[in-house]
């Protein structure tokens, strides 16, 4: 039954650009191991498994932050048409948390939960992804009970976003992208806003360290009315290890830099500036 539902979703996606009658259910690959859309390297809210340490140059509550994130982009089905165009329906979900490890005891600052569906189309060097997802934010009780948290007015922040990103893959490993979105529903209501996304990824085409690792880097910027249309800049660079070395998944060791408004829930009006390092695994 689930396979039939996924097949119908692929059929609807394919019918946008082609003759849907040509699809056969047996040609749809269900529950693939990896997505046809490569993760945005520097997007701090892309669903993946991450263990990060961040040293804040400027931040509202902490100097030393531990950020464990848990998430994945899981392909439900992939279909490749005779003309080579690939279509994918996937589930995106994750938990993005920040913890103050400079306090005693360690306290949770914030946790954001996101989940939704994505449609991806890959046409030669062109990548397109459209996502619809829900995000809800929760301030840590430990922070609210602390001296720093006494002045915080807790907001029940949750919203639904529709987002589209277009990317182009150059042969030298560079992939610039641009996109946008709109928060179609939000609580509180004044959080509704259009969003602008721009950036680029770079994945070196050759592997080093006995053929296991390659340099990668990314820049990501997202802004909206909620950020006063100020650009939030995220930079990441490091090494990515081959699937065979990393238990069948992409393993990355990265240095991080962020300067802009906070991406952590109700603190979006606060300014943040940090450097850090992280270990990431993309599913």
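In the numbering used here, the protein residues as written are 1260 to 1542.
Glycine included, each C-beta is placed from N, C-alpha and C at the ideal position.
Measure the alpha-carbon distance for residue i versus residue j and round it to whole angstroms.
i            : j            : result
residue 1512 : residue 1389 : 28 Å
residue 1477 : residue 1437 : 13 Å
residue 1430 : residue 1463 : 10 Å
residue 1488 : residue 1383 : 33 Å
residue 1364 : residue 1294 : 39 Å
residue 1320 : residue 1366 : 11 Å
residue 1402 : residue 1304 : 22 Å
residue 1533 : residue 1427 : 29 Å
residue 1414 : residue 1395 : 11 Å
residue 1509 : residue 1485 : 33 Å
residue 1493 : residue 1288 : 34 Å
residue 1361 : residue 1456 : 33 Å
residue 1327 : residue 1310 : 5 Å
residue 1531 : residue 1445 : 23 Å
residue 1474 : residue 1466 : 8 Å
residue 1535 : residue 1523 : 16 Å
residue 1433 : residue 1461 : 5 Å
residue 1307 : residue 1498 : 16 Å
residue 1339 : residue 1368 : 44 Å
Determine the closest residue to residue i out of the options, with distance taken between C-alpha atoms.
i            : options                   : result
residue 1410 : 1375, 1526 and 1509       : 1526
residue 1468 : 1342, 1514, 1500 and 1340 : 1500
residue 1448 : 1458, 1456, 1459 and 1417 : 1417
residue 1399 : 1387, 1393, 1412 and 1345 : 1412
residue 1333 : 1492, 1376 and 1392       : 1376
residue 1459 : 1481, 1471 and 1451       : 1481
residue 1374 : 1361, 1358, 1391 and 1387 : 1391
residue 1387 : 1356, 1357, 1344 and 1354 : 1344
residue 1302 : 1342, 1502 and 1355       : 1355
Quick check on residue i: does DSSP put it in helix, strand or coil?
i            : result
residue 1449 : helix
residue 1386 : strand
residue 1299 : coil
residue 1347 : strand
residue 1431 : coil
residue 1409 : coil
residue 1524 : helix
residue 1415 : coil
residue 1518 : strand
residue 1486 : helix
residue 1441 : strand
residue 1321 : coil
residue 1495 : strand
residue 1288 : strand
residue 1339 : strand
residue 1304 : coil
residue 1316 : strand
residue 1468 : coil
residue 1463 : coil
residue 1294 : coil
residue 1481 : strand
Label residue i either buried or exposed according to how many other C-beta atoms from any shown protein chain fall within 10 Å of its C-beta, with 16 as the threshold for buried.
i            : result
residue 1406 : exposed
residue 1483 : buried
residue 1539 : buried
residue 1316 : exposed
residue 1443 : exposed
residue 1296 : buried
residue 1529 : exposed
residue 1453 : exposed
residue 1215 : With the chain covering 1260 to 1542 only, the question about residue 1215 has no answer from this structure.
residue 1299 : buried
residue 1490 : exposed
residue 1378 : buried
residue 1331 : buried
residue 1537 : buried
residue 1470 : exposed
residue 1292 : exposed
So residue i is in the beta strand (DSSP E); what residue range does that whole segment cover?
i            : result
residue 1376 : 1366 to 1382
residue 1360 : Segment: none, residue 1360 is in no beta strand (DSSP E) and carries neither H nor E.
residue 1533 : 1530 to 1541
Just reading off the alpha helix (DSSP H) that residue i is part of, what are its end residues?
i            : result
residue 1402 : 1400 to 1403
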